[in-house]
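>
Protein chains: 2
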Amino acid sequence: MPKQTFLNLPEEKRETIINAAVDEFAEYGLENASTNRIVKNSGIAKGSFYQYFEDKQDVFTHLLDVIEQKELEFFKDQHPPNNNMDTFQYYRWMVKTGMEFGLAHPRMIQAAWRVLLGEGFYYGKNLAGYRQKTTQALTTMITQAMERGEVDPSVDVELAVMIMETWSNAITTYVLNEGLKQKDVLKWMRARKTQETIDKLLYVMEYGLRKTESEFVKSF
Amino acid sequence: MPKQTFLNLPEEKRETIINAAVDEFAEYGLENASTNRIVKNSGIAKGSFYQYFEDKQDVFTHLLDVIEQKELEFFKDQHPPNNNMDTFQYYRWMVKTGMEFGLAHPRMIQAAWRVLLGEGFYYGKNLAGYRQKTTQALTTMITQAMERGEVDPSVDVELAVMIMETWSNAITTYVLNEGLKQKDVLKWMRARKTQETIDKLLYVMEYGLRKTESEFVKSF
DNA sequence: CTATAATGTGACCAGCAGGTCATATGACCT
DNA sequence: AGGTCATATGACCTGCTGGTCACATTATAG
């Protein structure tokens, strides 16, 4: 957690610092991020940095908190187009809305994903908590889907969650890497072809998942 | 490419150096690998290292070559249990044989994947070639599968390849991370439960993929 | 105004990084 | 024997790292 000194700062200054950190993480990841560069790019003194944060990991976990909060606000303002969506439609809506959010804050997301996907595993305990939140949410979602009869109740919940996580990871990576190559990200992202690709990916996942277990047993 | 000096070395010495490098990459990735530590752990002088290699990335790409060669030999000795396999059975066999190979050289694989998955994207051109080989192989495979009528010809080849890659990545990551937690890796890997999990994952993929496009079109 | 507390600052430190190079060693040839 | 050439060595260089700390500045209170 950042120290009180940082939280007392005027918002503008806090933002400047966070932005410098975001750029640094997006460019270099966590291990290779340089506090010296962050300090230089945010125009504060080295000493100040250590009066605000414990170290660079402290900055990073704070960044994750900021993102989480922004994302919550963002999702609050969005409304599912339809209240009678089944679980897969809902998941699809979530993935896409998540992408829209990502496009509203591309650097932040890039920084977070670069670190979480690239180095997250090896940082173990420190970052595991943040990944677990998603897992928990998906588990709840799948369980409810079963109760509603939308998913074969013999499906292994853990497995389904892993599959959904894998896909939202893969799609995020895809969007981040393809999207940031484009001149006009928003245009690319909303293009029919891009949307179709993502739809198809999700569809393949969904189609496999809907009938997994019962068919699986038969096939052996 | 390593310099001639390195290739002239007695095999034993070369292995010692490669092993030290493998340990280093597996532990620290590429960017944070330390030539000093590699040198210390392989018992050679700093100067010698630079007479063998350009830099640490040179060592890493050489490592990839070594793995590729070992893998080729390994696959040559294996025989598909059945000559009449369809494409998906073949893919399944490949994924599993690949896993067996990984278990025969766990540190090497760990080192390679840690770097390719974690940092590969950001090294861009330097490592892209190695990833592309797999992509190419899968593309050929899918195309042939279509000719044989095993995959719906309206399926987008690129998409199918991406899906298969995503899954073999996900499974490798899974096996690497779960497997290395175990006391007896080989036993865990060959356990019924592990095999079943992997079978199910592949099955979900396959089931989704077999009928993607035609069903997909209908569903819109 | 003074006294006190909070915040800001950058020179400075030890440690390690990647990389160089003058020199030493020793195998092989004439 | 002397000469040549590939190989081996580690002290040394510069540059950057994360982190500290004595001091300067500013805000608050009496």
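Those protein sequences? They're chains A and B, same order as listed. Everything in the first sequence is counted per my numbering, starting at 847 for the first residue and increasing by one. Everything in the second sequence is counted per my numbering, starting at 847 for the first residue and increasing by one. Ideal placement from N, C-alpha and C gives every residue a C-beta, glycine not left out. Since the structure is predicted, the reported quantities are computational estimates derived from the model, not experimental observations.
Quick one, which residues of the segment 913–943 of chain B are near chain A if we go by CB-CB under 9 Å, in chain order?
Flagged: no residues at all.
> Once the 5 residues before and after Ala-1081(A) are set aside, which same chain residues still bring their CB inside 6 Å of it?
The structure shown does not extend to residue 1081(A), since chain A spans only 847 to 1066, so no value can be given for it.
> If the criterion is Cβ atoms closer than 9 Å, does the pair Pro-848(B) and Asp-923(B) meet it?
Their beta carbons are not under 9 Å apart, which means Pro-848(B) does not touch Asp-923(B) by this criterion.
> Between the segment 957–987 of chain B and chain A, which residues of the former have a C-beta closer than 7 Å to a C-beta of the latter?
Those would be Gly-964, Glu-965 and Phe-967, in chain order.
> Considering only the beta carbon of each residue, do Ala-1016(A) and Leu-1047(A) sit closer than 9 Å?
Contact: yes.
> Do Thr-1018(B) and Trp-939(B) have their CB atoms nearer than 9 Å?
The answer is no: Cβ separation not under 9 Å.
> State yes or no: is the beta carbon of Met-945(B) nearer than 9 Å to at least one beta carbon in chain A?
False, the Cβ-Cβ gap to chain A never drops below 9 Å.
> Secondary structure at Phe-899(B), three-state DSSP: helix, strand or coil?
Coil at Phe-899(B), not helix or strand.
> Residues of chain B with a CB under 9 Å from the CB of Glu-877(A): which are they?
Residues of chain B passing the Cβ test: Tyr-874, Gly-875, Glu-877 and Asn-878.
> Quick check on the burial criterion: 16 or more other C-beta atoms within 10 angstroms. Buried or exposed for Thr-1012(A)?
So Thr-1012(A) counts as buried.
> Measure the CB-CB distance between Met-954(A) and Lys-916(A) and report whether it falls below 9 Å.
A contact, by the Cβ cut-off of 9 Å.
> In three-state DSSP terms, what is Val-1031(B)?
Here Val-1031(B) sits in helix by DSSP.
> Beta-carbon of Thr-1040(A) versus every beta-carbon of chain B: anything under 9 Å?
Output row for Thr-1040(A): interface = no.
> Can you find a CB in chain B that lies within less than 9 Å of the CB of Lys-1046(A)?
Closer than 9 Å: yes.
> Counting contacts by CB-CB distance shorter than 9 Å, is Gly-893(B) in contact with chain A?
Not closer than 9 Å to any Cβ of chain A, the Cβ of Gly-893(B) fails to qualify, so no.
> Mark Asn-854(A) as exposed unless 16 or more other C-beta atoms lie within 10 angstroms of its C-beta, in which case mark it buried.
Asn-854(A) comes out exposed.
> Determine, using beta-carbon pairs with one atom in the segment 1048–1056 of chain B and one in the segment 926–942 of chain B, whether at least three such pairs fall under 8 Å.
Yes, since at least three Cβ pairs between the segment 1048–1056 of chain B and the segment 926–942 of chain B fall closer than 8 Å, the two stretches touch.
> Run down chain A in chain order and give the residues with a C-beta less than 7 Å from the C-beta of Thr-1043(B).
Within chain A, the residues near Thr-1043(B) are Leu-1005.
> With a cut-off of 9 Å, does the C-beta of Gly-889(B) fall near any C-beta of chain A?
With 9 Å as the cut-off, Gly-889(B) does not count as an interface residue toward chain A.
> Determine the direct distance from the alpha carbon of Met-1010(A) to that of Phe-1062(A), and round the result to whole angstroms.
For Phe-1062(A), the pLDDT reaches just 49, beneath the cut-off of 50, and the residue's location in the model is therefore unreliable, leaving the point undetermined.
> Would you grab the beta carbon distance between Tyr-976(B) and Leu-910(B) for me? Rounded to a whole angstrom, and I think it's under 8 Å.
Yes, they are in contact, since the Cβ atoms of Tyr-976(B) and Leu-910(B) sit about 5 Å apart, within 8 Å.
> I think Thr-1043(A) touches Leu-1005(B), with their Cβ atoms under 8 Å apart; what is that distance to the nearest whole Å?
About 7 Å separates the two Cβ atoms, so the contact holds.
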